[in-house]
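Numbering (the numbering used here), first residue to last: -5 to 87.
See structure below.
Laid out in structure tokens, this is it:
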């Protein structure tokens, strides 16, 4: 597994979270599938099922107001950052 790529992705997720705010909701929602796809490719087949269970491709709040979707994405991105951190730590051991 490419740990450096995972670290870059974790940094991307954290930067996306840091830049999020009331005016960035639609951009945040648009970024989620791209980030999720990159993470899926980076972790490979061995973790694809786990990723699919933890981080669904479709938002549970899909079709609801932007604010609800953006809040869900913020939560998912925080979880992805933590998940990637765990993988990076496991690979370092």
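Idealized CB from N, CA, C, for every residue including glycine.
Looking at residue i: is its Cβ nearer than 7 Å to the Cβ of residue j?
{"i": "residue 24", "j": "residue 3", "result": "no"}
{"i": "residue 66", "j": "residue 53", "result": "yes"}
{"i": "residue 78", "j": "residue 0", "result": "yes"}
Can you give me the C-alpha to C-alpha distance between residue i and residue j, rounded to a whole angstrom?
{"i": "residue 56", "j": "residue 68", "result": "14 Å"}
{"i": "residue 74", "j": "residue 63", "result": "16 Å"}
{"i": "residue 76", "j": "residue 5", "result": "11 Å"}
Cα-Cα, which of the options is closest to residue i?
{"i": "residue 51", "options": "71, 84 and 59", "result": "71"}
{"i": "residue 27", "options": "7, 58, 80 and 81", "result": "7"}
Since residue i contacts residue j with CB under 8 Å, what's their CB separation in whole angstroms?
{"i": "residue 85", "j": "residue -5", "result": "6 Å"}
{"i": "residue 15", "j": "residue 61", "result": "With a Cβ gap of about 12 Å, residue 15 and residue 61 do not count as contacting."}
{"i": "residue 29", "j": "residue 10", "result": "7 Å"}
- Note down, one range per segment and in chain order, each beta strand (DSSP E) of at least 3 residues found wholly within the segment 31 to 60. For secondary structure counted as the beta strand (DSSP E) over 3 or more consecutive residues, the segment 31 to 60 holds no complete run.
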